[in-house]
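Numbering (my numbering), first residue to last: 149 to 217.
Glycine included, C-beta positions come from ideal geometry on N, C-alpha and C.
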Amino acid sequence: MAYHTYEFLRARRHDPKWRERYQVERLKRIAIFLTGILFFEMLLILYQSNVDVSTWCHELSMKVTHFFR
């Protein structure tokens with residue numbers, strides 16, 4: 149299947165042939181946007197609370213590693 153840009157899909161969002169693909173791509177864009185907002189909010193909270201970021205990142209990586217084992 150050929151790759152189409154979001155603008156291509158957005159222009160055809162009401163076309164039944166492209167509607168489902170448009171919705172999938174739209175949800176991806178929303179998820180990426182929200183992930184970015186949450187990431188920067190987390191950085192702001194860490195900065196304001198004077199948490200040792202390297203220790204926090206190490207603990208987070210250990211928890212993620214343990215979760216996937």
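Through-space distance from S202 to Y170, alpha-carbon basis:
Sequence index remark: in the sequence shown, residue 170 carries index 22 (1-based). Sequence index remark: in the sequence shown, residue 202 carries index 54 (1-based). Answer to the nearest angstrom: the Cα atoms are 40 Å apart.
Can you grab the Cα-Cα spacing for the pair I193 / Y151, in whole Å?
Position 45 of the sequence shown, counted from the first residue, corresponds to residue 193. Position 3 of the sequence shown, counted from the first residue, corresponds to residue 151. C-alpha separation (whole angstroms): 38 Å.
With the cut-off set at 7 Å, would you say E173 and Y154 are in Cβ contact?
Start at 1 with the first residue of the sequence shown, and residue 173 comes out as number 25. Start at 1 with the first residue of the sequence shown, and residue 154 comes out as number 6. Yes, these two residues count as a Cβ contact at 7 Å.
When the cut-off is 7 Å and only beta carbons count, does V201 lie next to chain D?
In the structure shown, chain D cannot be found, because there is only a single protein chain.
So, helix, strand or coil for S209, using DSSP?
On the sequence shown, position 61 is the one that residue 209 refers to. It is helical.
Could you spell out where the alpha helix (DSSP H) holding V172 opens and where it closes?
The residue given as residue 172 occupies position 24 in the sequence shown. Segment 164-196, the alpha helix (DSSP H) holding V172.
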